[in-house]
DNA sequence: ATTTATTATCGTGATATTGCAATATAGATA
DNA sequence: TATCTATATTGCAATATCACGATAATAAAT
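Protein chains in written order, with our numbering: chain A, 1 to 107; chain B, 1001 to 1107.
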């Protein structure tokens, strides 16, 4: 459909949609699951675990990181990814608020 | 990238991603907000409210309905949409579980 | 029967997403 | 320096998404 008409919607609506988009690909959910488990893991290991190529995995990692859900730091040639707990909590709150206000309206 | 490699991921991971995809477009968030407010509203009204064409609005409605988050019933020539509270609650649980298990791993 | 009103579907163009091979970048090591 | 290792970026092909005009379908109203 061509381009999404974001300007028609409020900032917070766009924000929630943007974050949902990050979670809308199974590879990115799997990545978050795995990074949560190992707490500080490498693109290579993630790639092998989720069975996607290194470039594809790296791209998904960038998307999640850009959204703020992952932090990373280099150590030598390795980049260690871990979950940004603060951001994850904020996001949890965003979704919770959406569900609860929607629910409240209907009740 | 061509097609998404769903088969690499678990059922529940794919499920969560599918539901996130429904919420990944601002128009669909806006629709859920509006339908929650009016509780039983028409495609035409929704379309005018969110300022997207009737066909586009109808398509978004089908996507949300197919995911189970909306129910509808015809009355005369009008179709009344309302939120499926049970499904919304289930979805809320899904996200909550994802956030909490992810959070627990990191803590 | 014709018109009006509401919604769904089809077809299409524009854009975005997904995936990977090839390549680039940069630190570590021989 | 040359090589190895880990990651990021580029370029591309395949596919999916988004938006809407045109059209179909259906029921109410005239």
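Just so you know, even glycine gets a beta-carbon here, dropped at the ideal spot from N, CA and C.
Spatial neighbours of residue 54 (chain A) within its chain, please: C-beta separation below 6 Å, excluding the five flanking residues on both sides.
So the qualifying residues of the chain are 47.
Kindly identify the DSSP beta-bridge partner or partners of residue 1078 (chain B).
B:1075.
Could you check if residue 1101 (chain B) is buried or exposed, using at least 16 other CB atoms within 10 Å of its CB as the buried criterion?
Exposed.
Nearest by alpha-carbon distance to residue 104 (chain A): which of B:1057, B:1024, B:1032, B:1016 is it?
Nearest of B:1057, B:1024, B:1032, B:1016 to residue 104 (chain A), Cα basis: B:1032.
Once DSSP output is grouped into helix, strand and coil, what is the label at residue 1061 (chain B)?
Three-state result, residue 1061 (chain B): helix.
Taking 9 Å as the cut-off, decide whether the C-beta atoms of residue 1094 (chain B) and residue 1069 (chain B) are in contact.
Contact: no.
Does the pairing of the segment 20-34 of chain A with the segment 1018-1026 of chain B give three or more beta-carbon distances under 8 Å?
Output reads yes: the segment 1018-1026 of chain B touches the segment 20-34 of chain A.
Name the chain A residues that come within less than 9 Å of residue 1083 (chain B), Cβ to Cβ?
Residues of chain A passing the Cβ test: 102, 103, 105, 106.
Within 9 Å of any Cβ in chain B, is that where the Cβ of residue 45 (chain A) sits?
Output row for residue 45 (chain A): interface = no.
Among all the DSSP beta bridges, which residues are the ones paired with residue 38 (chain A)?
Its beta-bridge partners do not exist; DSSP assigns none.
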